[in-house]
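The letter at position 89 of the sequence shown is residue 88 when you use numbering that gives the first Met the number 0, and the numbering goes up by one with no holes.
Where is the CB? At the ideal position from N, CA and C, for every residue including glycine.
Reading through the structure tokens given below for one structure.
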Amino acid sequence: MLHLDPSQKRNVLFTSARTVSEEIHCPCIAVILCTGDGAEIICGGRRISLGENDVLTVALRSGSVTGTGETVSVFLSPDAETPALPDLTVAIPEIIHCGEHRGIKQLAEAIPEAFYGDPAVRDAKLHALAGLLVIRLSEYADTTPDGSTVSACAVYIRSHIDQSLTPGEIAEKLNIPEKKLRSEFAAVYGCTPAEFQRRAKMNHAISLMKESPDMLIKEIAAAVGYRDELWFTKTFGKYTGVSPREYRKRLLLGENAPAQSYRDIYKKGFPVGNVTDGLCIEQKKDGDGTQ
Numbered sequence: 000m001l002h003l004d005p006s007q008k009r010n011v012l013f014t015s016a017r018t019v020s021e022e023i024h025c026p027c028i029a030v031i032l033c034t035g036d037g038a039e040i041i042c043g044g045r046r047i048s049l050g051e052n053d054v055l056t057v058a059l060r061s062g063s064v065t066g067t068g069e070t071v072s073v074f075l076s077p078d079a080e081t082p083a084l085p086d087l088t089v090a091i092p093e094i095i096h097c098g099e100h101r102g103i104k105q106l107a108e109a110i111p112e113a114f115y116g117d118p119a120v121r122d123a124k125l126h127a128l129a130g131l132l133v134i135r136l137s138e139y140a141d142t143t144p145d146g147s148t149v150s151a152c153a154v155y156i157r158s159h160i161d162q163s164l165t166p167g168e169i170a171e172k173l174n175i176p177e178k179k180l181r182s183e184f185a186a187v188y189g190c191t192p193a194e195f196q197r198r199a200k201m202n203h204a205i206s207l208m209k210e211s212p213d214m215l216i217k218e219i220a221a222a223v224g225y226r227d228e229l230w231f232t233k234t235f236g237k238y239t240g241v242s243p244r245e246y247r248k249r250l251l252l253g254e255n256a257p258a259q260s261y262r263d264i265y266k267k268g269f270p271v272g273n274v275t276d277g278l279c280i281e282q283k284k285d286g287d288g289t290q
């Protein structure tokens, strides 16, 4: 289980849209998506089997990564100037079963295209896509169909992000004992369901800032279940060290987030979550929003 901060900027070291065969010389995170019927990946002396649309996420220091089967691989390195924030980390299992969900697959396939694409917008696109990839991994991590109590709880919390739920309410909805819920949650995430809920709300608020730069802070607060904007601001400050307005300011300057909003790249923006729209950036190099 990896613990990653979705708000930390990450650089794309290299990427490949074919069978993975790479030599690693520095610490990085490898994200490998199986695009065929199946694949076998060998890294760190281990052989790992993947099914179609499975995603392998592992931390590597050095050595070789090889495999058989059709894959898309992305190797990410954290930006030293934007350290991780421990209170915002999310737990990502080694293998995520994406099934029919397209979010991660679209991002993984867009990164190689950006990596070998127009150098004028390459870095901006890669920062945006890499940041969103980590966010989507953290979101899909809890949809892996393993049937566990913790997974069901995490999915329920994320699907009701605009509500404030007590552990008792969650346990009742899932028809499980609250004591069991708390115990298993602490074993996997190292925190209580309430603490996880706060982290999920703050991560979603950051995601909204990236994807909808024109949203008001009070609208973001309401979207994550805070009726009181002041209380939201205090909670956000506790987890990030700055106010929502200051965070957004740094975000737009590319100082404190894994990706700038696409609004900074050209004038007429669109939802960043729709990755395919990001590809039209090549036709908007002049920045005036025309094609």
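Tell me the DSSP secondary structure of residue i in three-state form.
| i | result |
| --- | --- |
| ALA149 | Just to set this straight, residue 149 is Val in the shown sequence, not Ala. Of the three classes helix, strand and coil, the one that applies to VAL149 here is helix, per DSSP. |
| SER137 | helix |
| VAL54 | strand |
| ALA38 | strand |
| ILE175 | coil |
| PRO92 | coil |
| SER20 | strand |
| SER48 | strand |
| ALA29 | strand |
| THR289 | Unreliable placement is indicated for THR289, whose pLDDT of 35 sits below 50; no coordinate value is reported for it. |
From what residue to what residue does the alpha helix (DSSP H) around residue i run?
| i | result |
| --- | --- |
| ALA199 | 192-210 |
| LEU164 | It is not in any alpha helix (DSSP H) - LEU164 carries neither H nor E in the DSSP assignment. |
| ALA220 | 216-222 |
| ILE110 | 102-114 |
Which same chain residues end up closer than 7 Å to residue i when comparing Cβ atoms and leaving out the 5 residues on each side of it in sequence?
| i | result |
| --- | --- |
| VAL19 | ILE31, ILE40, VAL64, THR65, GLY66, THR70, SER72 |
| ASP36 | GLU51 |
| LEU55 | ILE31, ILE40, ILE47, LEU49, GLU93, ILE94 |
| CYS27 | LEU12, LEU59, PHE74, LEU75, SER76 |
| VAL57 | ALA29, CYS42, GLU93 |
| TYR225 | PHE231 |
| ILE175 | THR148 |
What span of residues does the beta strand (DSSP E) with residue i cover, start to end?
| i | result |
| --- | --- |
| ARG9 | 9-15 |
| THR67 | 62-67 |
| THR239 | Here THR239 belongs to no beta strand (DSSP E); instead the alpha helix (DSSP H) covers 228-239. |
| PRO77 | 70-77 |
In terms of alpha-carbon separation, which member of the options lies closest to residue i?
| i | options | result |
| --- | --- | --- |
| SER15 | ILE156, CYS33, LYS237 | CYS33 |
| LYS248 | PHE231, GLU93, ILE205 | ILE205 |
| HIS203 | GLY68, ASP78, ALA220, GLU194 | ALA220 |
| CYS25 | LEU1, SER76, CYS42, LEU3 | SER76 |
| LYS217 | LYS209, GLU210, SER211, LEU229 | LEU229 |
| LEU131 | ALA119, LEU106, ALA153, THR88 | LEU106 |
| TYR88 | GLY44, GLY68, ILE134, VAL120 | Reading the sequence as shown, one finds Thr at residue 88 and not Tyr. That would be ILE134, whose Cα lies nearest to the Cα of THR88. |
| GLU194 | ASP227, ALA153, PRO243, ARG226 | ALA153 |
| LEU1 | ASP78, HIS126, ILE91 | ILE91 |
| ASP78 | ASP122, ALA38, ASP53, PRO118 | ASP122 |
| LEU207 | TYR246, GLN196, ASN174 | TYR246 |
| GLN162 | ILE175, PRO111, ASP227 | ASP227 |
| PRO111 | ARG244, ALA222, ARG17 | ARG17 |
Mind reading off the beta-carbon distance from residue i to residue j? Whole number of angstroms is fine, and I expect it under 8 Å.
| i | j | result |
| --- | --- | --- |
| TYR155 | LYS178 | Between LYS178 and TYR155 the Cβ distance is about 17 Å, and since that is not below 8 Å, they are no contact. |
| LEU59 | ILE103 | At roughly 19 Å, the Cβ-Cβ gap does not stay under 8 Å, so LEU59 and ILE103 are not in contact. |
| ALA199 | ILE160 | 6 Å |
| PRO212 | LEU251 | 7 Å |
| HIS96 | LYS8 | About 28 Å; that fails the 8 Å criterion. |
| THR234 | ARG197 | 7 Å |
| ALA38 | GLY68 | 3 Å |
Taking 6 Å as the limit between beta carbons, can you name the residues of its chain near residue i, skipping five residues before and five after?
| i | result |
| --- | --- |
| GLU138 | none |
| ALA170 | GLU177, LEU180 |
| GLU21 | VAL64 |
| ALA151 | LEU173 |
| GLY236 | SER242 |
Return the chain-ordered list of same chain residues with a C-beta closer than 8 Å to the C-beta of residue i, the five sequence neighbours on each side being excluded.
| i | result |
| --- | --- |
| LEU215 | none |
| THR191 | PRO166, ARG181, PHE184, ALA185 |
| ARG45 | none |
| LEU136 | LEU3, VAL30, VAL54, THR56, ILE91, ILE95, ILE103 |
| PRO5 | LEU87, VAL89, GLY130, VAL133, ILE134, SER137, ASN202, ILE205, SER206, PRO257 |
Got a sec: does the ligand FMN put a non-hydrogen atom nearer than 8 Å to the Cβ of residue i?
| i | result |
| --- | --- |
| LEU136 | Of the ligands one can find in the structure shown there are none, so the ligand FMN has no counterpart to examine. |
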